[in-house]
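So the structure is just underneath, and the comments pick up after that.
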């Protein structure tokens, strides 16, 4: 067995700073969505994934994989979204065990209403605090980290090297 490569003091500081920033940012984004839209962050992510899918529809298993979530956790979230009228679960015609999640017009409207506040919060809490060079570096660093992580356990992530 090889010897553990412990973090240096500097690496430990950077690691803890990174994790504190990550959790602080995601907590702040979640609070903003809940406060302004009455929507948990997880629901927002599900609605976004469905809005970007062809015909606003994804297999439940694919949606779970995109979200990096267990099927049971996703099923619970989709049930809550169904209660709100934002998502419909539809049976798969070719697989009796399979099901699809479909983003309804009401769900799309909820997403459209929530998105401006969310984007404003992302911009204020992240991008407005960085120089253009730091934004480019953040993209490069994120790509490097993502290349070393098991892609099957991650939500779908676009190529970070290009602009919209």
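Numbering (this note's numbering), first residue to last: 900 to 1063. Note that CB positions come from ideal geometry on N, CA and C, so glycine has one too.
In chain order, what residues of the same chain have a beta carbon less than 6 Å from the beta carbon of residue i, not counting five sequence neighbours either side?
i	result
residue 1047	none
residue 1054	Here residue 1054 scores only 49 on pLDDT, less than 50, and its place in the model should not be relied on; the value that follows carries that caveat. 965, 966, 967.
Looking only at DSSP bridge pairs, what is residue i linked to?
i	result
residue 990	998
Where residue i and residue j are concerned, what is the direct C-alpha to C-alpha distance, given to the nearest angstrom?
i	j	result
residue 918	residue 912	10 Å
residue 946	residue 1002	7 Å
residue 1029	residue 1038	12 Å
residue 950	residue 942	12 Å
residue 936	residue 922	21 Å
residue 1027	residue 1045	23 Å
Going by beta-carbon coordinates alone, are residue i and residue j separated by less than 8 Å?
i	j	result
residue 1017	residue 928	yes
residue 1005	residue 984	yes
residue 938	residue 1000	no
residue 977	residue 959	yes
residue 989	residue 981	no
According to DSSP, is residue i helix, strand or coil?
i	result
residue 956	strand
residue 1055	With a pLDDT of only 48 at residue 1055, under 50, the local geometry of the prediction cannot be trusted, and the value read off the model is given with reservation. Coil, per DSSP.
residue 1043	helix
residue 900	coil
residue 1035	helix
Does the ligand NAD have a heavy atom nearer than 7 Å to the CB of residue i?
i	result
residue 1010	Ligands are entirely absent from the displayed structure, and the ligand NAD is therefore not among its contents.
For residue i, which residues of its own chain have a beta-carbon under 8 Å away from its beta-carbon, when the five flanking residues on both sides are left out?
i	result
residue 931	1016, 1017, 1020
residue 991	958, 997, 998, 999
Whose C-beta lies closer than 7 Å to the C-beta of residue i among residues of the same chain, with five residues either side of it excluded?
i	result
residue 1141	Within the shown structure, residues of the chain are numbered from 900 to 1063, placing residue 1141 beyond reach of any answer.
residue 906	914
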